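K.L.:
There are 2 protein chains.
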Amino acid sequence: MAPFISAKTRPVRLADIAKAAGVSHGTASNVFARPEIVREEVRERVKAAAEAMGYGGPDPKGRLLRAGKVNAIGVATAEPLSYFFDDPFARVMMASISQACDATGAGISLVSAANNEQLAWNIQSALVDGFIVFCVDGGSRLVELARERKLPFVALDLDSDDDDAVAAIGVDNIAGAGLAARHLTELGHRRFAVLALPVADSGFGPTTREQMEKALYSGTRDRLRGYFAELSRVDIDVERVPIYETVNDEESVWAGLDHIFAGAETPTAILAMSDRMALHALDWLRQRGITVPGDVSIVGFDGVPEGAVSSPPLTTIVQPIAEMGRLAVKAILENDGSFSRQSLPVQLVVRASSGPSPA
Amino acid sequence: MAPFISAKTRPVRLADIAKAAGVSHGTASNVFARPEIVREEVRERVKAAAEAMGYGGPDPKGRLLRAGKVNAIGVATAEPLSYFFDDPFARVMMASISQACDATGAGISLVSAANNEQLAWNIQSALVDGFIVFCVDGGSRLVELARERKLPFVALDLDSDDDDAVAAIGVDNIAGAGLAARHLTELGHRRFAVLALPVADSGFGPTTREQMEKALYSGTRDRLRGYFAELSRVDIDVERVPIYETVNDEESVWAGLDHIFAGAETPTAILAMSDRMALHALDWLRQRGITVPGDVSIVGFDGVPEGAVSSPPLTTIVQPIAEMGRLAVKAILENDGSFSRQSLPVQLVVRASSGPSPA
DNA sequence: CACTTTCGTTGGATCGGTTCAAATTTTGAC
DNA sequence: GTCAAAATTTGAACCGATCCAACGAAAGTG
Chain A
1 MAPFISAKTR
11 PVRLADIAKA
21 AGVSHGTASN
31 VFARPEIVRE
41 EVRERVKAAA
51 EAMGYGGPDP
61 KGRLLRAGKV
71 NAIGVATAEP
81 LSYFFDDPFA
91 RVMMASISQA
101 CDATGAGISL
111 VSAANNEQLA
121 WNIQSALVDG
131 FIVFCVDGGS
141 RLVELARERK
151 LPFVALDLDS
161 DDDDAVAAIG
171 VDNIAGAGLA
181 ARHLTELGHR
191 RFAVLALPVA
201 DSGFGPTTRE
211 QMEKALYSGT
221 RDRLRGYFAE
231 LSRVDIDVER
241 VPIYETVNDE
251 ESVWAGLDHI
261 FAGAETPTAI
271 LAMSDRMALH
281 ALDWLRQRGI
291 TVPGDVSIVG
301 FDGVPEGAVS
311 SPPLTTIVQP
321 IAEMGRLAVK
331 AILENDGSFS
341 RQSLPVQLVV
351 RASSGPSPA
Chain B
1001 MAPFISAKTR
1011 PVRLADIAKA
1021 AGVSHGTASN
1031 VFARPEIVRE
1041 EVRERVKAAA
1051 EAMGYGGPDP
1061 KGRLLRAGKV
1071 NAIGVATAEP
1081 LSYFFDDPFA
1091 RVMMASISQA
1101 CDATGAGISL
1111 VSAANNEQLA
1121 WNIQSALVDG
1131 FIVFCVDGGS
1141 RLVELARERK
1151 LPFVALDLDS
1161 DDDDAVAAIG
1171 VDNIAGAGLA
1181 ARHLTELGHR
1191 RFAVLALPVA
1201 DSGFGPTTRE
1211 QMEKALYSGT
1221 RDRLRGYFAE
1231 LSRVDIDVER
1241 VPIYETVNDE
1251 ESVWAGLDHI
1261 FAGAETPTAI
1271 LAMSDRMALH
1281 ALDWLRQRGI
1291 TVPGDVSIVG
1301 FDGVPEGAVS
1311 SPPLTTIVQP
1321 IAEMGRLAVK
1331 AILENDGSFS
1341 RQSLPVQLVV
1351 RASSGPSPA
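Protein sequence lines, in the order shown, are assigned to chains A and B. At position 119 of the first sequence (counting the first as 1) the number is 119 in the working numbering, and the numbers step up by one without a gap. With positions in the second sequence counted from 1, the corresponding number in the working numbering is that position plus 1000.
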């Protein structure tokens, strides 16, 4: 029999029903928070008053201030909010983060913003007990903002060059990239191309090794270092390996391949810094009638589930995404003030997108 | 030069830095909230004090109480949190909800819980300005809980039988299901089977029309009504159409098909109440060497993107998911206290999973 | 120089609860 | 019936900010 909710009426507060029931607000509070310590008769009276006045239970806004704990962790990214549901890597990561949160009863707040200014505000005003920061593009700014809140936070993906004072969980990108490159060189490939993750905010296009060293996000930088260290080891001239910076979407990957395959000496092996790019590349190659792995081999990075069911299934470097999510949540919730930087192992999973060099 | 965050030290408050800077707390507050009205010299002094004491800016917990608005909407489901990232329908819906939120600068809180008791608590204590309720399994309980909060809320997916006092956005499930069934009867199919969404909390297994009428979730009920109304219209004996209740996952769908195809009279047409089920069914059929649409036709429901790229691509009833998400967010944010029930049109999209009956 | 504006600052009230020591009532024991 | 122990209830303090009426000082006006 609740009356229609009116946007106008001042909401009823605990104090209102306390007065109506003729008890102190302390007792009224107990009725909701610890009903067992209130005498039954009083309890019923207060509950009846609450019901009669359309009281929706103690407002968490009030409780929060006293309790201090929100019981929710914030997940922040500089991408638009829909990134969490669109990007394969983010999705798998979020699924594992949410499992960990579910297990502990914590909620999840998604924090993001269309523009930079709003991002700052959203992080500053997020009601959370800590942040998990997705360090994709724009990572360092995010980390800075999160740190300013003086809340526990963990950066996802290690920034090898960054300040040691930030807790981070990531993988050894250099080693992983090395694994990918070595796999291909062992198959006899000598002509490579690299599809790179975003380096700057500047869009996409061909880039160079020097530019890459300035990448905002160290994962990008480290993966390139890993690739090139391995290629150099077998005397491939890395200065001649084309690198195309994408924004990790179909358009930019396709543009990259257009560019890479327009050259005289087309590659037989493509190193993609994400599975998402690799999967888009697979589509592009199929449309051009270029066979994989007959004409071109490709190795991704991340280990998203889509890679296992693509055609052909994707050879890739799998990150222990589930483990990373679990550890991140644990780091926030059991935060003891200590910083930790954990580097998890990656694994080369060979599927059908890589094969012997046609040469 | 921020010192190490210690979990022990009592966090500094605005009042602390006000004292340190020798100003009133009112002025200190202004330094952060409306810096332009504070004299520069004072402003700098306060900021310096804040910096020196490691103050992380005004705590949103405090601000919240005064401001009243959280600037975040809660999305609630009775499923585990990972549902938002695993389920194709949920993902598309969330992507559109997040776009709408991004546009207005609102955040998103994911609310869910492993068990029922915790669900209640999580909804009661969620810091949000309103709820969007995913009315899949357990919808009515969720709606009840959300309503008790006396916050604006919208149920996603219309419950045709439910109380009119709840705002809801959904599609005409009966009409949509009718479209699916008619498409198949027009192709000459006479032997049908139905893969149903969850009816009760009781797991999966074969079920009956009577059971379905008691479905917790009206979408399930209405889709069956739509199917059967259409089948009856062309004189198919719906009492003989097998219905298998699944929990919308691979295991239960496969078990359902095992059961359905174990019978003497196997169907030539399958009506799946979700694309997710239809896609799992496609896998099962492929593994058995049953061709689609040669031997069996199948029509899904929802219109998730995966359906467009499956093999074969899925004929389905597409819901205007993006539009629903946008409207839901709008209903929460522009809540004027009025209830509205909106029913959006669905569309039959014919792709390659349906063809003429082999008979 | 007295008088009004304007600008900046102050401190109390408020947001909506929880908590706890102290006060009060009830119960139990003798 | 008395008194200590146990069970309830009370009311003040607190959580961390924002808001606003009132006030003091500096600037402008006649």
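Heads up, the beta-carbon is just placed ideally off N, CA and C, and yes, glycines get one too. Every value quoted in this text rests on a predicted model; they were computed, and no experiment measured them.
#1: May I have the straight-line CA-CA distance separating A1293 of chain B from G1107 of chain B, to the nearest angstrom?
#2: Residues of chain B with a CB under 9 Å from the CB of A114 of chain A: which are they?
#3: Using a Cβ-Cβ cutoff of 8 Å, what residues of the stretch 127-153 of chain A are near chain B? List them in chain order.
#4: Just the chain B side, please: which residues come within less than 8 Å of N122 of chain A by C-beta, in chain order?
#5: Tell me which residues share the same chain as P88 of chain A and place their Cβ nearer than 7 Å to its Cβ, disregarding the 5 neighbours each side in the sequence.
#6: Buried or exposed for I1037 of chain B, please, with buried defined as at least 16 other CB atoms from any protein chain shown within 10 angstroms of its CB.
#7: Using the Cβ count rule (16 or more neighbours within 10 Å means buried), how would you classify Q201 of chain A?
#8: Suppose only complete runs of 3+ residues qualify. What are the beta strand (DSSP E) ranges in the stretch 131-202 of chain A, listed by chain order?
#9: Taking the alpha carbon of P1358 of chain B as the point to measure from, which residue in B:A1033, B:L1187, B:Q1211 and B:R1149 has its own alpha carbon closest?
#10: Can you give me the C-alpha to C-alpha distance between A954 of chain B and S232 of chain A, rounded to a whole angstrom?
#11: Please report the straight-line C-alpha distance between A1033 of chain B and K1069 of chain B, rounded to a whole angstrom.
#12: Compare the C-beta of F1089 of chain B against all C-beta atoms of chain A and say whether one is closer than 8 Å.
#13: Please report how far the alpha carbon of H1189 of chain B lies from the alpha carbon of S1140 of chain B, in whole angstroms.
#14: Just to confirm, are G130 of chain A and I73 of chain A a CB contact at a threshold of 8 Å?
#15: Can you pull the chain A neighbours of A1072 of chain B, defined as C-beta to C-beta under 8 Å?
#16: Please state the DSSP three-state secondary structure of S1232 of chain B.
#17: Could you compute how far the alpha carbon of V1194 of chain B sits from the alpha carbon of D1237 of chain B?
#18: Tell me, to the nearest whole angstrom, how far the beta carbon of P1080 of chain B is from that of D222 of chain A; I am working on the premise that it is less than 8 Å.
#19: May I ask you to list the residues that DSSP assigns as paired with D1302 of chain B?
#20: Just grab the DSSP bridge partners of V1075 of chain B for me.
#21: What's the gap between the Cα of D235 of chain A and the Cα of T185 of chain A?
#22: Could you work out which residues of chain B lie near A95 of chain A, taking near to mean beta carbons separated by less than 7 Å?
#23: Does any CB atom of chain A fall closer than 8 Å to the CB of G1056 of chain B?
#24: What is the DSSP secondary structure of I1270 of chain B, reduced to helix, strand or coil?
#25: Are the C-beta of L65 of chain A and some C-beta of chain B separated by less than 8 Å?
#26: Going along the chain, which unbroken runs of the beta strand (DSSP E) with 3 or more residues stay wholly within the stretch 1319-1358 of chain B?
#27: Residues of chain B with CB under 8 Å from G62 of chain A, in chain order?
#28: Is S1024 of chain B closer than 8 Å to L1014 of chain B when the C-beta atoms are compared?
#29: Once you ignore the five residues that flank A308 of chain A on each side, which residues in its own chain have a CB closer than 8 Å to its CB?
#30: Compute the beta-carbon to beta-carbon distance between L285 of chain A and K1061 of chain B, rounded to the nearest angstrom, for a pair I have assumed lies under 8 Å.
#31: Go ahead and pull the three-state DSSP assignment for Y1244 of chain B.
#32: Determine the direct distance from the alpha carbon of R1066 of chain B to that of D1021 of chain B, and round the result to whole angstroms.
#33: Can you list the residues of chain A that P1118 of chain B reaches, using a CB-CB cut of under 8 Å?
#34: Output the distance between the C-alpha atoms of Y1227 of chain B and G1178 of chain B, rounded to the nearest integer angstrom.
#35: Would DSSP call P1293 of chain B helix, strand or coil?
#36: Give me, in chain order, the residues of the same chain whose beta-carbon lies closer than 6 Å to that of Y1055 of chain B; leave out the 5 immediate sequence neighbours on both sides.
P.N.:
In terms of the structure at hand:
#1: Here residue 1293 of chain B turns out to be Pro, not Ala, going by the sequence shown. Each residue's alpha carbon lies about 44 Å from the other.
#2: D1102, A1103 and G1105
#3: L127, R147, E148, R149, K150, L151 and P152
#4: G1105 and G1107
#5: D275, R276, V304 and E306
#6: exposed
#7: Per the sequence shown, residue 201 of chain A should be read as Asp rather than Gln. Result: exposed.
#8: 131-134, 153-156, 168-171 and 192-196
#9: B:L1187
#10: No information on residue 954 of chain B is available, as it lies outside the stretch 1001 to 1359 that chain B covers here.
#11: 16 Å
#12: no
#13: 36 Å
#14: yes
#15: S109 and L127
#16: helix
#17: 13 Å
#18: The Cβ separation is near 34 Å, so there is no contact.
#19: B:V1318
#20: B:L1110 and B:I1132
#21: 10 Å
#22: S1082, F1085 and D1086
#23: yes
#24: strand
#25: yes
#26: 1341-1344 and 1347-1349
#27: L1065
#28: no
#29: L314 and R351
#30: Not confirmed; about 52 Å, so no contact.
#31: strand
#32: What sits at residue 1021 of chain B in the sequence shown is Ala, not Asp. Between A1021 of chain B and R1066 of chain B, the C-alpha separation is close to 24 Å.
#33: The question names Pro, but residue 1118 of chain B in the sequence shown is Gln. The answer, in chain order, is G105.
#34: 5 Å
#35: coil
#36: V1012 and I1017
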